[in-house]
Amino acid sequence: MATPMDTDPPPPPPLKVWVMSMNRHVTTDEIVRGLNKIEDEETRKLCLNKPTRDECIRAMISKLYPTIVMQHKLARFRFRRNKTSTGKEFYQSNDPNVYLGYSVADTGSLVAMAWATGPLPQVVNIGLDVMKFSIPRNTTVNDFFESVKHKLTEREQRDVSGGGANADEVLLRRLLIILTIKSAYIKAIQQPSGFDYRRMECQLPTQTFKVDGHELIGWEIRLFKANLGIQRKELLVEEVYQCCAVIYRGVPGAAGLNNPATAAAMQAAFPPGKRNKIYWNDREGEATEMLNFLKVDQIVKAYDGLVLKNGAGSNNVNGRARVPGSSSGSGAVAGGPSSAVSPTSARRLGEQPTRRSSEDTARMHAQAGVMH
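Residue numbers (numbering that gives the first Met the number 0): 0 to 371.
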């Protein structure tokens, strides 16, 4: 008689990653319209009060991503927001087999969201992290290595070292791979930012990932690079980002998979090479089914068309974008949020200096607009 371990399980829900590049300047009117599509007033204020214009835009897109996905890919009004006991956010519907799990990450000119739909156990543990392939000005790769050394185990510190003419490039790439894997995993299991990175260990030569000395089982780790073309005045500048998306797929017939008490038995049942799946989607075309690259115009069009729960629709009047609070109408969109953001309240966005990713890349890992 076949056991659950012998039968072929149904295919897991596909993991999708949307990657938006801030390929052009986002106008103040576009920011105002986006902020007014965020239904929670406190969340709008948090976005508006970000220190820089770019951070405000990234936080706004991060908050709008799930709603855009639900309205364009799913029947949104079947869903309601919920949280796990650890605070991991997800959206649930009346169908016990249809949940939306997601994770967002942003830095520099990139805002991304990893998501999947299916039964809750198969989609809730999703994590995403992104880091730019660059270091802060007036620093070296070795300086950066020293600044993140406390997040690496002794073995990882040995593994990242490279030699030859491209030693700095090899060192930076390996550092970013390890840091994005660790940060994405922390997000997937909803741990606080102070989680000790040294409890995790990425063994790059053998492509294994351990936590507290035990190799995890049932995880899918997808590593890929995002090459973005960003308009800087008259120049088109290329920016490259290391990205990592992780999702817990589970193992049929296995309960308490990542409980250390059962780790030894599970590792005996699943030999090395079959405990996790690691995909290195570096070559063109490898990640076509998973990735969807978007530009500012596409995102603006998507959120302009969002219909809020209270009945507010597009900010378009006679085919032209109407900014809430402008002379073409009242302070807020008809039927929209009770305290809409007006161009006056957002005026400072146009006055803020645009600090790009030179600061962001100094961070230990890319900060998400919302930490799930």
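A virtual CB, placed ideally from N, CA and C, is assigned to each residue, including glycine.
Computed from a predicted structure; not experimentally measured.
Out of the options, point me to the one whose CA is closest to residue i's CA.
i	options	result
Phe292	Gln156, Val110, Val103, Arg231	Val110
Pro11	Asn96, Lys72, Thr51	Asn96
Ile188	Leu170, Ile177, Leu215, Ile176	Leu215
Ser84	Gln190, Tyr240, Thr287, Thr138	Gln190
Val16	Pro65, Val25, Cys55, Leu34	Pro65
Lys224	Phe132, Leu174, Gly212	Phe132
Gln241	Val103, Arg173, Arg231	Arg173
Going by DSSP, what residue range makes up the alpha helix (DSSP H) through residue i?
i	result
Val147	140–147
Lys44	40–47
Glu237	Segment 234–247 is the beta strand (DSSP E) holding Glu237; no alpha helix (DSSP H) there.
Gln156	153–159
Under a three-way DSSP split, which group does residue i fall into?
i	result
Gln202	strand
Gly126	strand
Gly33	helix
His213	strand
Gly328	Unreliable placement is indicated for Gly328, whose pLDDT of 36 sits below 50; the coordinate value is still reported in the next sentence. In this structure, Gly328 counts as coil in the three-state DSSP scheme.
Val103	strand
Val295	helix
Ser61	helix
Pro13	coil
Thr179	helix
Met19	strand
Leu174	helix
Thr26	coil
Thr51	coil
Asn197	Residue identity check: residue 197 is Arg in the sequence provided, not Asn. In this structure, Arg197 counts as helix in the three-state DSSP scheme.
Ile188	coil
Exposed or buried, which one is residue i when buried takes at least 16 other CB atoms within 10 Å?
i	result
Ala200	Just to set this straight, residue 200 is Glu in the shown sequence, not Ala. Per the 10 Å Cβ criterion, buried.
Val245	buried
Arg354	Caution is warranted here: a pLDDT of 44 is assigned to Arg354, below 50, making its placement in the model unreliable, and no coordinate value can be reported.
Ser160	exposed
Pro323	Confidence is the limiting factor: at Pro323 the pLDDT is only 28, short of 50, which leaves the residue's position unreliable and the question unanswerable from this model.
Asn35	buried
I need the boundaries of the beta strand (DSSP E) containing residue i, first residue and last residue.
i	result
Val110	109–117
Taking 7 Å as the cut-off, is the CB of residue i close to at least one heavy atom of the ligand FMN?
i	result
Lys209	This structure does not include the ligand FMN; it has no bound ligands of any sort.
- Decide yes or no for the touch test of the stretch 145–158 against the stretch 89–106: beta carbon pairs closer than 8 Å, at least 3 of them. no
- Kindly confirm or deny that the stretch 13–32 and the stretch 42–58 touch, where touching means at least three C-beta pairs closer than 8 Å. yes
- Item | Touching by the beta-carbon criterion (3+ pairs, under 8 Å), the stretch 231–248 and the stretch 113–131 | yes
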